[in-house]
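Enquirer: Have a look at this one.
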Amino acid sequence: MKDLLTYAMLAMALAGAASAGNSGNVRVRATVNTETAIYPGDAFQYSVIVEGGAKPSKIDITPLKEFRPIPAGDGTSYQQFNDQVSVTYSSNYQITATEAGTMHLPGVTVVVNGQTYTTNAVDVTVSKPGTTDRMSVELSVSRQKCYAGEPIVMTARWIVSTRWQNVAFNVPVFTSPDFLIEDVSSAGGTQAEQVVIDGVPTTVRGTRQNIKGVESEVYVFTKVLLPQRAGRLRLDPVVVSANLAVGRVRTNSLLNPYMLDYKRMSVQSEPVELEVLPLPEEGRPAEFYGLVGKYTIEASASPTKVSVGDPITVTIRIGGNPYLKPVQWPQLEQVPELMQNFKIPAEKASPTLENGFKVFTQTLRANSDAVKQVPPIPLAYFDSQAGRYVVAKTDPIPLEVSPTRILTNADMEGGGTGGGSPQLSPVQAISKGLSANYYGPEVLLDQSFSLLSAVVSPAYAAIWSIPLVALVASAVVRVAGRTSPESVARKRRRQAAHLALRRLKAVSAVDAGRRPEQLLEAMKGYIGDRFDRVAASLTADDCRDAIARALDDAALAWRYRDLIAACEADRYAPLAAEIGTAQVQEAMELIDAIEKRLRK
Numbered sequence: 093m094k095d096l097l098t099y100a101m102l103a104m105a106l107a108g109a110a111s112a113g114n115s116g117n118v119r120v121r122a123t124v125n126t127e128t129a130i131y132p133g134d135a136f137q138y139s140v141i142v143e144g145g146a147k148p149s150k151i152d153i154t155p156l157k158e159f160r161p162i163p164a165g166d167g168t169s170y171q172q173f174n175d176q177v178s179v180t181y182s183s184n185y186q187i188t189a190t191e192a193g194t195m196h197l198p199g200v201t202v203v204v205n206g207q208t209y210t211t212n213a214v215d216v217t218v219s220k221p222g223t224t225d226r227m228s229v230e231l232s233v234s235r236q237k238c239y240a241g242e243p244i245v246m247t248a249r250w251i252v253s254t255r256w257q258n259v260a261f262n263v264p265v266f267t268s269p270d271f272l273i274e275d276v277s278s279a280g281g282t283q284a285e286q287v288v289i290d291g292v293p294t295t296v297r298g299t300r301q302n303i304k305g306v307e308s309e310v311y312v313f314t315k316v317l318l319p320q321r322a323g324r325l326r327l328d329p330v331v332v333s334a335n336l337a338v339g340r341v342r343t344n345s346l347l348n349p350y351m352l353d354y355k356r357m358s359v360q361s362e363p364v365e366l367e368v369l370p371l372p373e374e375g376r377p378a379e380f381y382g383l384v385g386k387y388t389i390e391a392s393a394s395p396t397k398v399s400v401g402d403p404i405t406v407t408i409r410i411g412g413n414p415y416l417k418p419v420q421w422p423q424l425e426q427v428p429e430l431m432q433n434f435k436i437p438a439e440k441a442s443p444t445l446e447n448g449f450k451v452f453t454q455t456l457r458a459n460s461d462a463v464k465q466v467p468p469i470p471l472a473y474f475d476s477q478a479g480r481y482v483v484a485k486t487d488p489i490p491l492e493v494s495p496t497r498i499l500t501n502a503d504m505e506g507g508g509t510g511g512g513s514p515q516l517s518p519v520q521a522i523s524k525g526l527s528a529n530y531y532g533p534e535v536l537l538d539q540s541f542s543l544l545s546a547v548v549s550p551a552y553a554a555i556w557s558i559p560l561v562a563l564v565a566s567a568v569v570r571v572a573g574r575t576s577p578e579s580v581a582r583k584r585r586r587q588a589a590h591l592a593l594r595r596l597k598a599v600s601a602v603d604a605g606r607r608p609e610q611l612l613e614a615m616k617g618y619i620g621d622r623f624d625r626v627a628a629s630l631t632a633d634d635c636r637d638a639i640a641r642a643l644d645d646a647a648l649a650w651r652y653r654d655l656i657a658a659c660e661a662d663r664y665a666p667l668a669a670e671i672g673t674a675q676v677q678e679a680m681e682l683i684d685a686i687e688k689r690l691r692k
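The sequence shown begins at 93 in my numbering and counts up by one.
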């Protein structure tokens, strides 16, 4: 009965929210999660919150375009005060801070119940981190003088010689309109992790090296840059921010008397200047559309023995260069012999990448039996080493095209061979005559329908009563089986430790490379379930704060936090292999200690 009342109150709250939008009680605002300091390169959450109204039908975030917001999910929360239940809707976005100072986020427009509201503007303070000699970052390119459109390789190298947490990269060239960005072919032999930097998926490779007599971790990522215009272009400095261990502080725990003290530090590389030369006008072929470097083109066709109008699949493969992003569809319509002798459909399939080639597939149909070949297909590019334009062509592909047979009227009628008259089948008589027709009311059947008779009839009663009983039973089961949000939360908290310990037992069985990530998921998942938090968004400091507030035991909270921090660090430095069975056992002991304290 209590559950039914709770659901009824929630239903009335939702109905009241819909009507509140029309009564002027809607409150729309914007907030930013600033529980911790924000530094350049850090991502923070921007939320649009609607209170006292229905779920917003449209949110226009165009004013935030320069900050490149990324949708981070929606949420709904309910609060009960006395007998009143209020509903709050939130739409969340992730924004990355770029440089120290104040970020002014203007208001956005929100449509609720057909009416438009504007949120408040939000100012976000981006703190300037400290500097240190414990880490450095270098930015380099393969060549500092090139032609417009010519691929060059950019390499960023981050070196750190102490324990670290929560690294953030800011690479301005990734958002510059002066360059196209392409991946470099993968190199084996090193540990790698896929991350997203300024919206660009990037593979970061880590190794341990001795740098100037100091054992250090070195992280490298490379990208191919294709300059889009001539002139002097500047690659702004790459900025790296991270929490670095600067010392140890004493705790009140006998088992763990010291813990690492972290502070936010930042370093940046030197800028890089590029001299981009314009492509010469002299000798530029009509087919040229901007390819710079060396390229090859080849083609094949299947089948090569066809009749007029039969489809011929032509496959064009362009390679010879590791950077194929700027390669476009060959302009078959600009080849006169192709346009004259073949039918070329307007539809074009998307190209694919196969073994270092960009592959294009097109279907052609010969117009006549006089066609003898698929003509050469050109590819124009500028050879930057030779300093001249080159037009590469495919080899011609021989074809055997037969004339198509023309059907006559006799063929359509099934005529005989040799020019004779059509062969017709003889007419055959049926074995029986037509049946007689009968007239009169005696041959009709009474098929009238009475609703009252159907209701009281035992046969019809079984038909309509069975679905009705099933519907009522289903409704009863659904109402009885449902639980309130509070009951779901209690069950989640009650099972948190059991689920976490089961996950931790499975961690010991996985390989060392995956162990830090799975241990991290188990520990954050426990805090999320036990303290009603979202596990995916928790940081090491968030877990520490949740435990400290619940238990008033700073030492236990810091031990839990340091173990999570060690897992996060080991994910980026897997060669260190610091996470083993001892750390898994420690996590189990910490969870067991937390549960015992909570039961008191």
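No residue lacks a Cβ here, since even glycine has one placed at the ideal position from N, Cα and C.
Could you tell me the alpha carbon to alpha carbon distance between residue 599 and residue 451, rounded to whole angstroms?
Expert: About 44 Å.
Enquirer: Exposed or buried, what is residue 612 when buried is set at 16 or more other beta-carbons lying within 10 Å of its beta-carbon?
Expert: Result: buried.
Enquirer: For residue 357 versus residue 221, is the C-beta distance shorter than 8 Å?
Expert: Their beta carbons are under 8 Å apart, which means residue 357 touches residue 221 by this criterion.
Enquirer: Leaving aside the five residues before and after residue 191 along the sequence, list all residues of the same chain whose C-beta is less than 6 Å from its C-beta, in chain order.
Expert: The answer, listed in chain order, is 132.
Enquirer: How far does the beta strand (DSSP E) with residue 129 in it reach, from first residue to last?
Expert: Careful: residue 129 lies outside any beta strand (DSSP E) and carries neither H nor E.
Enquirer: How far does the alpha helix (DSSP H) with residue 595 in it reach, from first residue to last?
Expert: Here the alpha helix (DSSP H) through residue 595 covers 588 to 599.
Enquirer: Going residue by residue through the region 269 to 351, where are the continuous beta strand (DSSP E) segments of at least 3 residues, counting only ones entirely within it?
Expert: Listed in chain order, they are 271 to 274, 283 to 289, 292 to 303, 306 to 319, 323 to 327, 331 to 342.
Enquirer: Tell me the DSSP secondary structure of residue 446 in three-state form.
Expert: Correct three-state label for residue 446: strand.
Enquirer: Could you tell me whether the region 393 to 413 touches the region 460 to 475, using the rule of 3 or more Cβ pairs below 8 Å?
Expert: Touching, yes.
Enquirer: Let me make sure I understand the geometry here. Which of 399, 583, 274, 400 has the alpha-carbon closest to that of residue 413?
Expert: The option with the nearest alpha carbon to residue 413 is 274.
Enquirer: With distance defined between alpha-carbon atoms, name the residue in 635, 643, 596 nearest to residue 675.
Expert: Of the candidates 635, 643, 596, the one whose C-alpha sits nearest the C-alpha of residue 675 is 596.
Enquirer: Note down, in chain order, each residue of its chain lying with its Cβ closer than 6 Å to the Cβ of residue 639, except the 5 sequence neighbours on either side.
Expert: Here the set comprises 649, 652.
Enquirer: Three-state secondary structure (DSSP) at residue 114?
Expert: Note that residue 114 scores 45 on pLDDT, short of 50, meaning its location in the model is unreliable; the coordinates nonetheless yield the value given after this. In the structure shown, residue 114 sits in coil (DSSP, three-state: anything other than H, G, I, E or B).
Enquirer: Would a check of beta-carbon distances place residue 232 closer than 8 Å to chain C?
Expert: Annotation note: the requested chain C is absent from the structure, which comprises a single protein chain.
Enquirer: How far does the beta strand (DSSP E) with residue 617 in it reach, from first residue to last?
Expert: Residue 617 -> not in any beta strand (DSSP E); alpha helix (DSSP H) instead, spanning 607 to 622.
Enquirer: Quick one, which of 431, 457, 420 has its alpha-carbon nearest residue 443's?
Expert: Of the listed residues, the one whose Cα sits closest to residue 443 is 420.
Enquirer: Figure out for me which residue from 393, 328, 477 has the closest Cα to the Cα of residue 385.
Expert: Cα-wise, what sits closest to residue 385 is 477.
Enquirer: Identify every residue that forms a DSSP beta bridge with residue 689.
Expert: Paired residues: none, contrary to the question.
Enquirer: So, do the region 319 to 327 and the region 361 to 375 have three or more beta carbon pairs nearer to each other than 8 Å?
Expert: Cβ pair count under 8 Å is three or more, so yes.
Enquirer: Find the nearest neighbour of residue 397 within the set 150, 461, 684, judged by alpha-carbon distance.
Expert: Nearest of 150, 461, 684 to residue 397, Cα basis: 461.
Enquirer: Taking Cβ to Cβ, would you say residue 410 is nearer than 8 Å to residue 380?
Expert: Not in contact: residue 410 and residue 380 (Cβ atoms no closer than 8 Å).
Enquirer: Do you know offhand how far residue 134's Cα is from residue 202's?
Expert: Cα to Cα, the separation comes out at about 27 Å.
Enquirer: Applying the criterion that 16 or more other CB atoms from any shown protein chain within 10 Å of the CB defines a buried residue, is residue 115 buried or exposed?
Expert: Summary for residue 115: the model assigns pLDDT 43, below 50, so the residue's position carries little reliability; its value from the coordinates is reported in the next sentence. Label assigned to residue 115: exposed.
Enquirer: Along the alpha helix (DSSP H) that carries residue 428, what are the first and last residues, could you check?
Expert: Its alpha helix (DSSP H) spans residues 428 to 433.
Enquirer: So what does residue 232 bridge to, in DSSP terms?
Expert: Looking at the DSSP assignment, residue 232 forms a beta bridge with 247.
Enquirer: Quick check on DSSP: helix, strand or coil for residue 468?
Expert: Coil.
Enquirer: Going by C-alpha distance, which of 633, 618, 417, 249 is nearest residue 685?
Expert: When only C-alpha atoms are compared, the closest one is 618.
Enquirer: List the whole-angstrom C-beta distance separating residue 292 from residue 243, where the pair is believed to meet the contact cut-off of C-beta under 8 Å.
Expert: At roughly 16 Å, the Cβ-Cβ gap does not stay under 8 Å, so residue 292 and residue 243 are not in contact.
Enquirer: Do you know whose CA, among 255, 446, 332, lies nearest residue 415's CA?
Expert: Cα-wise, what sits closest to residue 415 is 446.
Enquirer: So, for residue 232: in the same chain, excluding its five sequence neighbours on each side, which residues have a beta-carbon less than 6 Å away from its beta-carbon?
Expert: Here the set comprises 247.
Enquirer: So, with DSSP's three-state summary, where would you put residue 492?
Expert: If DSSP states are grouped into helix, strand and coil, residue 492 belongs with the strands.
Enquirer: On the CB-based measure, 16 or more other CB atoms within 10 Å of its CB, does residue 554 come out buried or exposed?
Expert: Residue 554 comes out exposed.
Enquirer: When the Cβ atoms of the region 140 to 155 are set against those of the region 328 to 348, are three or more pairs found closer than 8 Å?
Expert: No, because fewer than three Cβ pairs between the region 140 to 155 and the region 328 to 348 fall closer than 8 Å, the two stretches do not touch.
Enquirer: So, residue 188 versus residue 200, is the Cβ gap smaller than 8 Å?
Expert: Not a contact, by the Cβ cut-off of 8 Å.
Enquirer: Quick one, which of 361, 224, 479, 588 has its alpha-carbon nearest residue 239's?
Expert: Ranking the options by Cα distance to residue 239, first place goes to 479.
Enquirer: Could you tell me whether the Cβ atoms of residue 439 and residue 431 are closer together than 8 Å?
Expert: No; because the gap between Cβ atoms is not below 8 Å, this pair is not in contact.
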